[in-house]
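Presented below is the structure to which this report refers.
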Ligand code: ADP
Ligand code: MG
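In the working numbering, the protein residues as written are 39 to 292.
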């Protein structure tokens, strides 16, 4: 397997002097291409901070972050911006689809911003739309779609640039359990058909149980990890709950 991401001894401090808080306190892990990893842990354990430093939204205080062998903590602002645009994909809680554009226009937007050729754009659009089963919806507007279809459109938009890494912070945060399930099935499909590498933060054990691996953060450190392996999703769900019970804190289980 190819190593996609290598996080080495990353720390992130906020504030200074007596008021310093260590959001990340020496985090190290690697991700192989095609892995679907969930990051779990109590509120305040550093999940979003971890995602943000990998997403190049925030800079680590120390340590290194290598994506496809390149150290993103050493890139300049301009290089970071193009790296973020070309190699990373984001899925937001609110989908961020633009109401005045059709579903197709929403999905191809990132390619238009990159001045991708019409032919290549159409080729990629066909592929993601077919895989995520939204071909019939392409000429509609977001408001004409069901919640599940909107999520698929948002996923298609994140996929169309073929990013090396797709990141999502609490992607199911605004969804009911039925729609959360649909979104996780879509993540599994992206993972399966596109070999997408996905890093997702969640505090929901059901949502986490769809991942191939779960990292548990506590006080800015990786405290434990679970690999799904051959386990069924239900068994994984129970293992996550057991781990959370031992982990303690205020991890809320829905
Ligand atoms: P989680 O996503 O797991 O709830 P966060 O990564 O948001 O946790 O936060 C980890 C710790 O870092 C918390 O103690 C939080 O208060 C602190 N923190 C996060 N962002 C900032 C910031 N911009 N300024 C100061 N402290 C922050
Ligand atoms: Mg958070």
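Note that beta-carbon positions come from the ideal geometry of N, C-alpha and C, so glycine has one too.
Check: residue i C-beta below 7 Å from any heavy atom of the ligand ADP
i, result
"residue 52", "yes"
"residue 61", "yes"
"residue 82", "yes"
"residue 211", "no"
"residue 79", "yes"
Residue i versus residue j: straight-line alpha-carbon distance, rounded
i, j, result
"residue 177", "residue 272", "37 Å"
"residue 47", "residue 260", "11 Å"
"residue 268", "residue 251", "12 Å"
"residue 195", "residue 224", "13 Å"
"residue 89", "residue 237", "8 Å"
"residue 71", "residue 53", "35 Å"
"residue 274", "residue 247", "5 Å"
"residue 289", "residue 135", "For residue 289, the predicted structure reports a pLDDT of 48, less than 50, and the residue's modelled location is therefore unreliable. A value from the coordinates is still provided. C-alpha separation (whole angstroms): 30 Å."
"residue 294", "residue 184", "In the structure as shown, the chain begins at 39 and stops at 292. Residue 294 is therefore absent and cannot be evaluated."
"residue 209", "residue 230", "19 Å"
"residue 49", "residue 95", "15 Å"
"residue 133", "residue 187", "11 Å"
"residue 126", "residue 203", "5 Å"
"residue 81", "residue 280", "18 Å"
"residue 79", "residue 157", "44 Å"
"residue 278", "residue 147", "37 Å"
"residue 243", "residue 86", "17 Å"
"residue 140", "residue 60", "44 Å"
"residue 65", "residue 45", "7 Å"
"residue 122", "residue 93", "7 Å"
Proximity winner among the options, relative to residue i (alpha-carbon distances)
i, options, result
"residue 200", "71, 78, 100 and 124", "124"
"residue 58", "162, 222, 141 and 99", "99"
"residue 235", "78, 220, 129 and 180", "129"
"residue 241", "270, 220, 157 and 207", "207"
"residue 73", "218, 226 and 254", "226"
"residue 42", "245, 75, 65 and 64", "75"
"residue 222", "232, 193, 198 and 197", "193"
inquiry  = Tell me which residues pass a beta-carbon proximity test against the ligand MG: closer than 6 Å to any heavy atom, given in chain order.
reply    = 85 and 86
request  = Decide yes or no for the touch test of the region 111-124 against the region 166-181: beta carbon pairs closer than 8 Å, at least 3 of them.
outcome  = no
key: the region 206-213 / the region 157-171 touching (three or more Cβ pairs under 8 Å)   = no
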